[in-house]
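Student:
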Amino acid sequence: MSAITEITLPQLAESQVTATIDRWLKQPGDMIEVYEPICEINTDKVTAEIPSTVAGKLTKILVGAGEDVPVGTVICLIETEGEASNDEVAAVSTTQTTGAMNTQAAAIQVQGDDSMRNRYSPAVQQLAAQHGIQLANVQGTGMGGRITRKDVLAYVAMEASMVRTPTPQQEATSSQVRTGGMHLSESPRLPKIEIDDPYSQGRGETYIDITPIRNAIARNMRQSVSEIPHAWTMIEVDVTNLVLLRNKYKDEFKKREGVNLTYLAFLLKAAVNAIRDFPIMNSVWAVDKIIVKRDINISLAVGTEDSVMTPVIKNADLKNVAGLAKEIEELARKTREGKLSLSDMQGGTFTINNTGSFGSILSYPIINYPQAAILTFESIVKKPVVINDMIAVRSMANLCLSLDHRILDGVICGRFLQRVKDNLESFNLESSIY
1 MSAITEITLP
11 QLAESQVTAT
21 IDRWLKQPGD
31 MIEVYEPICE
41 INTDKVTAEI
51 PSTVAGKLTK
61 ILVGAGEDVP
71 VGTVICLIET
81 EGEASNDEVA
91 AVSTTQTTGA
101 MNTQAAAIQV
111 QGDDSMRNRY
121 SPAVQQLAAQ
131 HGIQLANVQG
141 TGMGGRITRK
151 DVLAYVAMEA
161 SMVRTPTPQQ
171 EATSSQVRTG
181 GMHLSESPRL
191 PKIEIDDPYS
201 QGRGETYIDI
211 TPIRNAIARN
221 MRQSVSEIPH
231 AWTMIEVDVT
241 NLVLLRNKYK
251 DEFKKREGVN
261 LTYLAFLLKA
271 AVNAIRDFPI
281 MNSVWAVDKI
291 IVKRDINISL
301 AVGTEDSVMT
311 PVIKNADLKN
321 VAGLAKEIEE
331 LARKTREGKL
341 SLSDMQGGTF
351 TINNTGSFGS
361 ILSYPIINYP
371 QAAILTFESI
381 VKKPVVINDM
391 IAVRSMANLC
401 LSLDHRILDG
411 VICGRFLQRV
421 KDNLESFNLE
431 SSIY
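Under full-length UniProt numbering, the first residue of the sequence shown is numbered 1, with each subsequent residue one higher.
Printed below as a string of structure tokens:
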């Protein structure tokens, strides 16, 4: 006896009320296994796949690609053998969806439709970056001509049989990498921006599709700039002793813990200790009141090939330098592999951006709404400094702070930055990282 099972849009987090159906991985008439992905959705923070909670045949799609619908909406119908309870389906759906985030989709070939040709999933972008290939050269076999993970792997296998020579662009990239800054631990990666048919005749411009993530970034930045009156300040820090301390431990730390001991971990520790002394920095504006957060959860800005994400280190004030270094490495890896969950992105109370990793020495960051401030750590540069009327060569770095002027003023932020500076300059060869 057959039955019709309704598949609903699950709630992936408490604050989520809607999501956008990005694309369908199955079409009416397709047979589906239990837990097999049937569609891909986008929220304002992550991309996730919705798995089927039953085995059967997809009979009808109720929500089209690109449509934004509330949580709990029935999105498709699946014909199954035997009866199934929709309540059970919904419960299983929520659980399994979270576990299935960012898994790979099945390829569906739709002939003659290239509308999805230039839209790439995080997994495809990660594969392309990993193997150093241009997605414009890959033939897409997915719905609307979209490139799937299988397409990328097939292209990589084909290229492996051929002798590859560096392209002029790759050679130029290598020669342009700045290596003088001590803060740079690796060559910055250039964004891979795919454009629509760049060689079309008679056209003076190219088109880049706006991805849901890029759209969410644009919306959040516009809200932050329009609602928060930004102010900005900066302080210079002598991190010479910090550089010596990090050099003392970095190799041993790498062997013992398996992760890099970065300067950023020390900055986080210094900033978190300063926030404990000035808790107003850890607050939000609520129209008729200011809410000071008790937990210190640091949003860490991590750049990917085509966006910036801000995963959160929760209760950062309870962690030492070594613990922060491990969390930084873990969150950065998950971000670049597109494996962040919604829980990784929620609850941030103060943001730190490591712009120095790109060689920057000065920046003016936009506040991560609705937080009160964002701090950047710029590149460490050796320069002559006057100490006790003598000139010495020291390792110096700038800290830049953007602040919500409704909550914070120059006096409190100046004292906060001075405290971060004191904390950084107090590191010495006897300091412990555990």
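Just so you know, even glycine gets a beta-carbon here, dropped at the ideal spot from N, CA and C.
What do you get for A387, buried or exposed, if any count of 16 or more other CB atoms within 10 angstroms of its CB means buried?
Tutor: Taking the sequence shown and counting its residues from 1, one reaches residue 387 at position 387. It should be noted that the sequence gives Ile, not Ala, for residue 387. Exposed, since its Cβ has fewer than 16 Cβ neighbours within 10 Å.
Student: Please list the terminal residues of the continuous alpha helix (DSSP H) segment that includes T240.
Tutor: Translated into positions along the sequence shown, residue 240 becomes position 240. Unbroken alpha helix (DSSP H) run through T240: T240 to E257.
Student: Just confirm the distance between the C-beta atoms of T376 and T355, as a whole number of angstroms; I'd bet it's less than 8 Å.
Tutor: The residue given as residue 376 occupies position 376 in the sequence shown. The residue given as residue 355 occupies position 355 in the sequence shown. Indeed, because the Cβ distance is near 5 Å, the residues count as touching under 8 Å.
Student: Pick helix, strand or coil for A106, following the three-state DSSP scheme.
Tutor: Here residue 106 is taken as the residue at index 106 of the sequence shown, counted from 1. Here the model assigns A106 a pLDDT of 38, short of 50, so the residue's position is not dependable, and the following value carries that caveat. A106: coil per DSSP, three-state reduction.
Student: Please report how far the alpha carbon of H131 lies from the alpha carbon of R256, in whole angstroms.
Tutor: Within the sequence shown, the letter at position 131 stands for residue 131. Within the sequence shown, the letter at position 256 stands for residue 256. Roughly 29 Å separates the two Cα atoms.
Student: On a CA-only basis, which of V284, V420 and A392 is nearest L399? Give me that one, please.
Tutor: As a working note, residue 399 is residue 399 in the sequence shown. It is V420.
Student: Throw me the rounded Cβ distance for the N233 and N282 pair, which I believe falls under 8 Å.
Tutor: The residue labelled residue 233 in the question sits at position 233 within the sequence shown. The residue labelled residue 282 in the question sits at position 282 within the sequence shown. Correcting the residue type first, residue 233 is Thr in the shown sequence and not Asn. 18 Å between Cβ atoms; not a contact.
Student: Which runs of the beta strand (DSSP E) fall wholly inside the region 334-382 and span at least 3 residues, in chain order?
Tutor: With a minimum length of 3 residues, the continuous beta strand (DSSP E) runs that stay inside the region 334-382 are 350-353 and 373-377.
Student: CA-CA distance, T5 and L340?
Tutor: Along the sequence shown, read from residue 1 onward, the residue named residue 5 stands at position 5. Along the sequence shown, read from residue 1 onward, the residue named residue 340 stands at position 340. Approximately 30 Å, taken between the alpha carbons.
Student: List the endpoints of the continuous alpha helix (DSSP H) containing E227.
Tutor: Taking the sequence shown and counting its residues from 1, one reaches residue 227 at position 227. Taken as a continuous stretch (DSSP letters only), the alpha helix (DSSP H) holding E227 covers P212 to E227.
Student: Once you ignore the five residues that flank I290 on each side, which residues in its own chain have a CB closer than 7 Å to its CB?
Tutor: For the purposes of this step, residue 290 is taken as the residue at position 290 of the sequence shown. Taken in chain order, the residues that qualify are S283 and I407.
Student: Should I21 and A65 be called a contact, given that it needs their Cβ atoms to be closer than 8 Å?
Tutor: Taking the first residue of the sequence shown as 1, we reach residue 21 at position 21. Taking the first residue of the sequence shown as 1, we reach residue 65 at position 65. Result yes, Cβ atoms of I21 and A65 sit closer than 8 Å.
Student: My guess is that I313 and L342 are in contact by the Cβ rule of under 8 Å, so how many angstroms apart are they, rounded?
Tutor: Against the sequence shown, residue 313 aligns to sequence position 313. Against the sequence shown, residue 342 aligns to sequence position 342. So it is not a contact: roughly 16 Å between Cβ atoms.
Student: CB-CB under 6 Å to E40, same chain, minus the five flanking residues each way: which ones, in chain order?
Tutor: Indexing the sequence shown from 1 puts residue 40 at position 40. Hits under 6 Å: D22, R23 and E49.
Student: Provide the residue(s) that pair with T43 in DSSP beta bridges, ordered along the chain.
Tutor: Looking up residue 43 in the sequence shown gives position 43. None; T43 has no bridge partner.
Student: Can you tell me which residues form a DSSP beta bridge with D68?
Tutor: One-based indexing of the sequence shown puts residue 68 at position 68. Note: D68 sits in a beta bridge opposite T20.
Student: Would you kindly report the start and end of the unbroken alpha helix (DSSP H) that includes A316?
Tutor: Along the sequence shown, read from residue 1 onward, the residue named residue 316 stands at position 316. Element bounds for A316: n/a, residue is neither H nor E.
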